[in-house]
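>
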Amino acid sequence: MRETGVTVNGVNEKGEAFTKVVPAETYYKGLWNTITSEFVEKADFIKLRSINIGYTLPSTLLAKTPFQSANISFVGRNLLILYRTTKNIDPESNYSSGNAQGLENFGLPATRTYGINLSVRL
């Protein structure tokens, strides 16, 4: 194959079948470096990106403390993808931070995080 090339079967613009032998280097380079419609997928999705559930402590509970108010909350980020048209790919993952947005190539999903916030006012 390396010496003889790759035999490509296809259809031209007129709908006629054709067979062509192209150098292997040209064939595989064209597949790797080209973005064509075969590689474009819908990226519709619904995602639970962030949730914050909080509780404000009653002032009667804080009466004997130096605090005027206090709030405690649970925070979660990137918790769940509810719907997506592309399986096994996080639609918000990214190949690069430069001009490669929209390309999926070993992209890592966003990190799921959990936390607790405590806000007090003196």
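Mapping to the UniProt record's numbering: the sequence shown position 92 is 92, numbers consecutive. Just so it is clear, CB atoms sit at the ideal spot from N, CA and C, and this is done for glycine as well.
1. Within this structure, are the beta carbons of residue 116 and residue 67 separated by less than 7 Å?
2. Based on DSSP bridge pairs, tell me the residues matched to residue 21.
3. If I measure Cβ to Cβ from residue 18 and keep anything under 8 Å in the same chain, skipping five residues before and after, which residues do I get?
4. Between the C-alpha atoms of residue 53 and residue 15, what's the straight-line distance to the nearest angstrom?
5. Using C-beta distances below 6 Å, list every residue in its chain close to residue 80, excluding the 5 sequence neighbours before and after it, in chain order.
6. Please report the straight-line C-alpha distance between residue 70 and residue 76, rounded to a whole angstrom.
7. Alpha carbon to alpha carbon, how far is residue 72 from residue 58? Give it in angstroms, no decimals.
8. As a quick exercise: from 64, 56, 62 and 44, pick the residue whose alpha carbon is nearest that of residue 82.
9. Is residue 6 closer than 7 Å to residue 27 when the C-beta atoms are compared?
10. Cα separation between residue 56 and residue 118?
11. For a test of the three-state rule: what should DSSP assign to residue 60, helix, strand or coil?
12. Should residue 72 be flagged as near chain B, meaning a C-beta pair shorter than 7 Å?
13. Taking its Cβ as the centre, do 16 or more other Cβ atoms sit within 10 Å of residue 91, making it buried, or is it exposed?
Walking through what the data contain:
1. For this step, residue 116 is matched to residue 116 along the sequence shown. For this step, residue 67 is matched to residue 67 along the sequence shown. No.
2. Walking along the sequence shown from the start, residue 21 turns up at place 21. Beta-bridge pairing links residue 21 to 7.
3. Your numbering for residue 18 matches position 18 in the sequence shown. Hits under 8 Å: 9, 10, 11 and 12.
4. As a first step, residue 53 must be located in the sequence shown, where it is residue number 53. As a first step, residue 15 must be located in the sequence shown, where it is residue number 15. Each residue's Cα considered, the two are about 59 Å apart.
5. In the sequence shown, counting from the first residue as 1, residue 80 sits at position 80. The answer, listed in chain order, is 48.
6. Along the sequence shown, one-based indexing puts residue 70 at 70. Along the sequence shown, one-based indexing puts residue 76 at 76. In a straight line, the C-alpha of residue 70 is about 20 Å away from that of residue 76.
7. Within the sequence shown, numbered from 1, the residue matching residue 58 stands at position 58. Within the sequence shown, numbered from 1, the residue matching residue 72 stands at position 72. Rounded to whole angstroms, residue 58 to residue 72 spans 12 Å at the Cα level.
8. Counting from 1 along the sequence shown, the entry for residue 82 is found at position 82. Out of 64, 56, 62 and 44, 44 has the C-alpha closest to the C-alpha of residue 82.
9. Along the sequence shown, read from residue 1 onward, the residue named residue 27 stands at position 27. Along the sequence shown, read from residue 1 onward, the residue named residue 6 stands at position 6. For residue 27 and residue 6, yes; Cβs fall inside 7 Å.
10. Here residue 56 corresponds to residue number 56 of the sequence shown, with the count starting at 1. Here residue 118 corresponds to residue number 118 of the sequence shown, with the count starting at 1. Roughly 10 Å separates the two Cα atoms.
11. Counting from 1 along the sequence shown, the entry for residue 60 is found at position 60. Of the three classes helix, strand and coil, the one that applies to residue 60 here is coil, per DSSP.
12. Of the protein chains in the structure, only one exists, and it is not chain B.
13. Locating residue 91 in the sequence shown gives position 91, where the first residue counts as 1. Label assigned to residue 91: buried.
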